[in-house]
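Line by line, the protein sequences give chains E, G, H and V. Quick note: the first sequence uses our numbering, first residue 31, plus one each step. Quick note: the second sequence uses our numbering, first residue 31, plus one each step. Quick note: the third sequence uses our numbering, first residue 31, plus one each step. Quick note: the fourth sequence uses our numbering, first residue 31, plus one each step.
4 protein chains.
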Amino acid sequence: MKVGFLGLGAMGHAMARRLLDAGHEVTLYNRTASKADDLVADGARLARTPAEAAKGAEVVFSMLFDDATTQAATFGDEGIATAMEPDAIHVCCSTLSLDQARRLRDGHAERGQGYVTANVLGRPPAAVAGELFVIVAGPEPLRSRIEPALKAFGHRIFAVGDDPVQANLVKLSLNFMIMSTIEQMAEVFALNEKAGTDPRTVFEIMTGSFCNAPVHKNYGKLMVEHSYDYPGASVTLGLKDTEMFLAAGHDYRVPLPYAAIARDRFLAAMAAGDADKDFVVLMERARQDAGLK
Amino acid sequence: MKVGFLGLGAMGHAMARRLLDAGHEVTLYNRTASKADDLVADGARLARTPAEAAKGAEVVFSMLFDDATTQAATFGDEGIATAMEPDAIHVCCSTLSLDQARRLRDGHAERGQGYVTANVLGRPPAAVAGELFVIVAGPEPLRSRIEPALKAFGHRIFAVGDDPVQANLVKLSLNFMIMSTIEQMAEVFALNEKAGTDPRTVFEIMTGSFCNAPVHKNYGKLMVEHSYDYPGASVTLGLKDTEMFLAAGHDYRVPLPYAAIARDRFLAAMAAGDADKDFVVLMERARQDAGLK
Amino acid sequence: MKVGFLGLGAMGHAMARRLLDAGHEVTLYNRTASKADDLVADGARLARTPAEAAKGAEVVFSMLFDDATTQAATFGDEGIATAMEPDAIHVCCSTLSLDQARRLRDGHAERGQGYVTANVLGRPPAAVAGELFVIVAGPEPLRSRIEPALKAFGHRIFAVGDDPVQANLVKLSLNFMIMSTIEQMAEVFALNEKAGTDPRTVFEIMTGSFCNAPVHKNYGKLMVEHSYDYPGASVTLGLKDTEMFLAAGHDYRVPLPYAAIARDRFLAAMAAGDADKDFVVLMERARQDAGLK
Amino acid sequence: MKVGFLGLGAMGHAMARRLLDAGHEVTLYNRTASKADDLVADGARLARTPAEAAKGAEVVFSMLFDDATTQAATFGDEGIATAMEPDAIHVCCSTLSLDQARRLRDGHAERGQGYVTANVLGRPPAAVAGELFVIVAGPEPLRSRIEPALKAFGHRIFAVGDDPVQANLVKLSLNFMIMSTIEQMAEVFALNEKAGTDPRTVFEIMTGSFCNAPVHKNYGKLMVEHSYDYPGASVTLGLKDTEMFLAAGHDYRVPLPYAAIARDRFLAAMAAGDADKDFVVLMERARQDAGLK
């Protein structure tokens, strides 16, 4: 397919690479153009603006940082919406607020353009290996039309609904699972530590028995080792994601007490000066409340 | 070893069977004696009182229902403490409150008897297969002395500390992981359901990616299928365990906000008439708050 | 003084009346012009646009419905900012989000115009009687310059700081005191009702002893009488105010657990179809959780 | 009436004094007998045991420290239950757990003795002046029969039900109103302080407007002045009362989210070493979470 691709962070780069290697005709846009060098060397074209990347494309992927950058690259002066063909489809892969997803959906609809959300699960190495999970939502037949492209990087593709926003919500939900698992474990570790038991032993028992998912192992290990300084995801980002999840609760009128507590923990972490630490530093809020250290 | 064993529920029976099959000399006590029939047929002796089961034993296991039954079988008129040898060891495997664990520890210490907590993780089939995880706490050399017996049913044995209460707390912590994971998932499922996405799809994505532990799969499946009527563990039991965990938080002065919310959900479930349903029925509290159904 | 005044709801009308009667020269703007009839009959001038009301005024009051209406009437095409004199002062009396207060402050500053927040406490009859409390924040000497005007309707004037936003926050805080008092009382009433005690009796004891403030008496009475259908303030409004308070917690990194719970209660009330009821209907969430009715 | 009276703390002493001055025939018991000296000088009799104080009395008041002391003085070897006449009535005025109230009610019923709860509101000076509020619960005609005695110190008497436990619950509810008002104000003060506004100013506005009850004024003043060191009531006591309120929620299956948060704050205060400070020190938990100081 003829594919436009915006955003060459670690994840975006790996996805673009997969698309190129699968034989798609790829035109790239990235603010820092040099990130595209290796892909261009292998046959991708480089666009100077988002609009240029969208020109003539059947599908335009975006994998940009946040709501604001996505909005600008879509509906700004040189945004893709100015150049997309009537039957082209914008496939947005970023984790966005539901409000932003609605703006994309409605803005493209007004222009007679297609819009689908396709959020991905996995880390960059999984993307490189084509083993991402893809959560896709949007109207048929758009979902079917983009499937060949999604298969370039997606190992499994889950269709969750006809409204693109549904995929964004599933993605926010999965991020909430991470945040709230950190809080769960923080309570367990702090209590056992105060009772004289090494949290690492508790971690070993948990992850050796029925709490042995990556969400337990990856984050729990960082917690019991107090590895806060090389953030995979920062407190700032954790707060943002949690607040987007709570905003979804607002939109659909669903109380979310665990999310509310996670938010308060993140705020306390920000207040304690830990904005840039790994978000497992929530552990320290539980420890402080317990009078540890 | 010469072993006394109290309590032949599904779990206790499987553990006693393993002890017998491993060649230990086992004397059994159970309120309903007929539960011992097959074990007696294979060489176990049957005692008419807890005291009789303890007589001459090096180790006396108890796997009874709760605090009260354990207290009675230990320190009651015909309790094991009346008959234990000075160097015998009571190994209690039940999930108890920390207060009860302290009563056992201190009551045996006053009598010059040994006491160790050895909580088990796993279900009866795992016990039958000798694949339980054992969380053991108590002073050395008592822990080492009982190890040959523990190995009869325990695949892995985790020593968590010198104070028996530490093992009880780890066990309560693991139960809390279950309760709070149910609440996590309830919030996610209710919110997505209200947004029009089938919770079963969300469950599939979660358990297909980084939330794929038994704690997610086993309980999440019951939740999305609304299977509340064949309780593995009831709301009443979930409330009891959560309150024991909160009581531990009281004892060690550790705030436990997620546990507090789980408690409130269990109370609301009791108030709604769901005391005897499977505790995954917490799902319905989240759904009701969301105005579903 | 020469005064412009935007917004003739019940409260705004009473305040404008006080300004007029105190001898100030008042130019009014209201979307529905007829609301100004009696004031015009007594000497006020009527403007057709906000800008016209601001022309030549030393002070321009706004008492509009919300963030959006205030933003439009201030910085819109016919907004007051287009017509204010360089040394004129916009005094905003509405309950707004802190973000909106910052937009007003910064937008006027860019234009070299003055801005002060002056939130009022009290109901329209108190305004008519000139007995409002005024919470004022903004830089000196602006605060002093507007004081003669504030005295027209303000019985007591509290200066809380040099940044206008501080007054907005105090106002949101007082509204939070109301929401959280409703939740407090809801828990008390539901629990006692379930124990067989008439909540009206509990209300009488509370308000007869040390919980006898208007915040207890006014809202508690509606609660025990289940008077939900003639909303002084609706659930929708209560949710909005609570979320603005929580947003302030975000801005300053302050966890607010009671506010978070109030928000969840409001969401559950919305989900239950009570959006337009008086916000004391939170009572019914506590009752439902308790299995009452 | 012939009255026995147990417990001459500040409150009990004032109540006994009122009974004596009203012409009742009073026999006193207090662990430290000297506390009775002035009352004995004015005509009261002194008993050496609770039982002796109960002998021949129509009504026996108890105003003791807690569950345990009340239980011992009632059903212990020399407790009042050993000496009460069949138609005598035990009137318990202490703040007790509902479980203890039930033990008193049921224990007396087994013995054919009467039992009524009569909790009091007010401080010792109010008791001296006969201006207490009395919350009374128990079966008729017992309530009527004790009324002449209650009038000696009670300005207003509120009957809340036929089951004595109902009065205990109302008393716990009022104590909860105090704890939760402290948390409300702590959130408000911490947030405004971080926004640069002096909490004393906010306190002045609150208590100058619609939050002007004693519960606001008395505790709020201590909070904004950081007066933690001369405890009217300690964190330890606040935690105890809050946990008794939560236990009542358990008994009647009523979720109490605000109480749960207050409990967590008290635990964090204990963990921070503030067990013996005035319970308004909860303020410091909100401040710490906000990163203040």
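Cβ coordinates follow ideal geometry from the N, Cα and C atoms, glycine included.
1. Could you confirm whether any beta carbon from chain V is found closer than 7 angstroms to the beta carbon of residue 283/G?
2. Which residue's Cα is closest to the Cα of residue 163/V: 254/V, 180/V, 142/V, 174/V?
3. Is the stretch 170-180 of chain H in contact with the stretch 201-209 of chain V, if contact means three or more CB pairs nearer than 8 angstroms?
4. For residue 205/G, tell me which candidate among 298/G, 312/G, 77/G, 125/G has the shortest Cα-Cα distance.
5. Among 187/E, 146/E, 141/E, which one has its Cα closest to the Cα of residue 161/E?
6. Compare the C-alpha of residue 41/V against each of 284/V, 158/V, 135/V and name the closest.
7. Report yes if the CB atom of residue 195/G is closer than 7 angstroms to the CB atom of residue 269/G, and no otherwise.
8. How would you write the range of the alpha helix (DSSP H) that residue 291/H sits in, first residue to last?
9. Report the option in 321/H, 79/H, 57/H, 100/H whose CA atom is closest to the CA atom of residue 108/H.
10. First and last residue of the beta strand (DSSP E) that includes residue 189/E?
11. Which value, in whole angstroms, describes the spacing of the CA atoms of residue 307/H and residue 218/H?
12. Which residue from 272/E, 117/E, 130/E puts its Cα closest to that of residue 102/E?
13. I need the straight-line Cα distance from residue 241/V to residue 232/V, nearest angstrom please.
14. Whose Cβ in chain E lies nearer than 8 angstroms to the Cβ of residue 98/H?
15. Do residue 266/E and residue 305/E come within 7 angstroms of each other at the CB atom, strictly closer than that value?
16. For the alpha helix (DSSP H) that contains residue 213/G, what are its first and last residues?
17. State the CB to CB distance for the pair residue 283/G and residue 274/V, rounded to an integer number of angstroms; the pair is presumed to be in contact (CB under 8 angstroms).
18. Closer than 8 angstroms between beta carbons: that is the criterion. Which residues of the stretch 284-299 of chain H meet it against chain V?
19. Roughly how many angstroms separate the alpha carbons of residue 216/G and residue 313/H, rounded to a whole number?
20. With a CB to CB cut of under 8 angstroms and the five nearest residues on each side skipped, what residues in its chain are close to residue 81/H?
21. May I ask you to verify whether the stretch 31-47 of chain G touches the stretch 81-91 of chain G, counting CB pairs closer than 8 angstroms and requiring at least 3?
22. Ends of the beta strand (DSSP E) at residue 149/V?
23. Would you please verify whether the beta carbon of residue 301/E is less than 7 angstroms from any beta carbon of chain H?
24. If you drop the 5 nearest sequence neighbours on each side, which residues of the same chain put their C-beta closer than 6 angstroms to that of residue 200/G?
25. Of the choices 63/E, 65/E, 75/E, 48/E, whose alpha-carbon is the least far from that of residue 57/E?
26. Name the one or two DSSP bridge partners that residue 122/E has.
27. In chain E, which residues lie with their C-beta within 8 angstroms of the C-beta of residue 172/G?
28. Where does the unbroken beta strand (DSSP E) through residue 33/E begin, and where does it stop?
29. Tell me whether residue 95/V is buried or exposed, calling it buried when 16 or more other Cβ atoms sit within 10 Å of its Cβ.
30. Leaving out five residues before and five after residue 221/H in sequence, what residues of the same chain have Cβ atoms less than 8 angstroms from its Cβ?
31. Rounded to whole angstroms, how far is the Cβ of residue 167/V from the Cβ of residue 193/V, which I believe are closer than 8 angstroms?
32. Compute the distance between the beta-carbons of residue 249/G and residue 311/G, then report whether it is under 7 angstroms.
33. Residues in its own chain within less than 8 angstroms of residue 289/G by CB, not counting five upstream and five downstream?
34. Compare the C-beta of residue 224/G against all C-beta atoms of chain E and say whether one is closer than 7 angstroms.
35. Residue 237/G bridges to which residues according to DSSP?
36. Taking just the CA atoms, how far does residue 183/V sit from residue 44/V?
With the structure as the only source:
1. One-based indexing of the second sequence puts residue 283/G at position 253. At least one chain V Cβ lies under 7 angstroms of residue 283/G.
2. Here residue 163/V refers to the residue found at position 133 of the fourth sequence. Answer by Cα proximity: 180/V.
3. no
4. Here residue 205/G refers to the residue found at position 175 when the second sequence is read from its first residue. Of the candidates 298/G, 312/G, 77/G, 125/G, the one whose C-alpha sits nearest the C-alpha of residue 205/G is 125/G.
5. On the first sequence, position 131 is the one that residue 161/E refers to. It is 187/E whose Cα lies nearest to the Cα of residue 161/E.
6. Translated into positions along the fourth sequence, residue 41/V becomes position 11. Closest by alpha carbon: 158/V.
7. For the purposes of this step, residue 195/G is taken as the residue at position 165 of the second sequence. For the purposes of this step, residue 269/G is taken as the residue at position 239 of the second sequence. Contact: no.
8. In the third sequence, counting from the first residue as 1, residue 291/H sits at position 261. Note, residue 291/H: alpha helix (DSSP H), 287-301.
9. In the third sequence, counting from the first residue as 1, residue 108/H sits at position 78. Taking only the C-alpha atoms, the option nearest residue 108/H is 79/H.
10. Start at 1 with the first residue of the first sequence, and residue 189/E comes out as number 159. First-last of the beta strand (DSSP E) with residue 189/E: 184-191.
11. In the third sequence, counting from the first residue as 1, residue 307/H sits at position 277. In the third sequence, counting from the first residue as 1, residue 218/H sits at position 188. One C-alpha to the other measures close to 21 angstroms.
12. What you label residue 102/E is simply residue 72 of the first sequence in a count that begins at 1. Measuring from the Cα of residue 102/E, the nearest candidate turns out to be 130/E.
13. Mapped onto the fourth sequence, residue 241/V falls at position 211. Mapped onto the fourth sequence, residue 232/V falls at position 202. Residue 241/V and residue 232/V: Cα-Cα distance of roughly 11 angstroms.
14. For the purposes of this step, residue 98/H is identified with residue 68 of the third sequence, where counting begins at 1. Near residue 98/H there are no residues of chain E at all, since even the closest Cβ is about 15 angstroms away, more than 8 angstroms.
15. Here residue 305/E is taken as the residue at index 275 of the first sequence, counted from 1. Here residue 266/E is taken as the residue at index 236 of the first sequence, counted from 1. Yes, these two residues count as a Cβ contact at 7 angstroms.
16. To locate residue 213/G, count along the second sequence from 1; it is residue 183. Residues 194-224.
17. Here residue 283/G refers to the residue found at position 253 when the second sequence is read from its first residue. Here residue 274/V refers to the residue found at position 244 when the fourth sequence is read from its first residue. Not a contact, Cβ separation roughly 18 angstroms.
18. 284, 285, 286, 287, 288, 289, 291
19. For this step, residue 216/G is matched to residue 186 along the second sequence. For this step, residue 313/H is matched to residue 283 along the third sequence. Residue 216/G and residue 313/H: Cα-Cα distance of roughly 24 angstroms.
20. Residue 81/H sits at position 51 when you count from the first residue of the third sequence. The answer, listed in chain order, is 108, 109, 110, 112, 113.
21. yes
22. On the fourth sequence, position 119 is the one that residue 149/V refers to. Start and end: 144-151.
23. Taking the first residue of the first sequence as position 1, residue 301/E is located at position 271. Yes, contact with chain H.
24. In the second sequence, residue 200/G corresponds to position 170, counting from 1. Once the five neighbours on either side are set aside, the close Cβ partners of residue 200/G are 165, 190.
25. On the first sequence, position 27 is the one that residue 57/E refers to. Ranking 63/E, 65/E, 75/E, 48/E by Cα distance to residue 57/E puts 75/E first.
26. As a first step, residue 122/E must be located in the first sequence, where it is residue number 92. Residue 122/E is bridged to 92/E, 147/E.
27. Reading the second sequence from its first residue, position 142 is the one you call residue 172/G. Within chain E, no residue comes near residue 172/G; the closest Cβ sits about 17 angstroms away, beyond 8 angstroms.
28. As a first step, residue 33/E is located in the first sequence; it is residue number 3 there, counting from the start. Its beta strand (DSSP E) spans residues 32-36.
29. Indexing the fourth sequence from 1 puts residue 95/V at position 65. Exposed, by the Cβ-count rule.
30. Residue mapping note: residue 221/H aligns to position 191 of the third sequence, counting from 1. 320, listed in sequence order.
31. Residue 167/V sits at position 137 when you count from the first residue of the fourth sequence. Residue 193/V sits at position 163 when you count from the first residue of the fourth sequence. Correct: roughly 6 angstroms between the Cβ atoms.
32. Here residue 249/G corresponds to residue number 219 of the second sequence, with the count starting at 1. Here residue 311/G corresponds to residue number 281 of the second sequence, with the count starting at 1. Result no, Cβ atoms of residue 249/G and residue 311/G do not sit closer than 7 angstroms.
33. For the purposes of this step, residue 289/G is taken as the residue at position 259 of the second sequence. Counting only Cβ-Cβ distances below 8 angstroms, and skipping sequence neighbours, we find 206, 209, 210, 272, 275, 276, 279.
34. What you label residue 224/G is simply residue 194 of the second sequence in a count that begins at 1. It does; some Cβ of chain E falls within 7 angstroms.
35. Position 207 of the second sequence holds residue 237/G. Partner(s): none; residue 237/G has no beta bridge.
36. Along the fourth sequence, read from residue 1 onward, the residue named residue 44/V stands at position 14. Along the fourth sequence, read from residue 1 onward, the residue named residue 183/V stands at position 153. Rounded to the nearest angstrom, the two C-alpha atoms are 8 angstroms apart.
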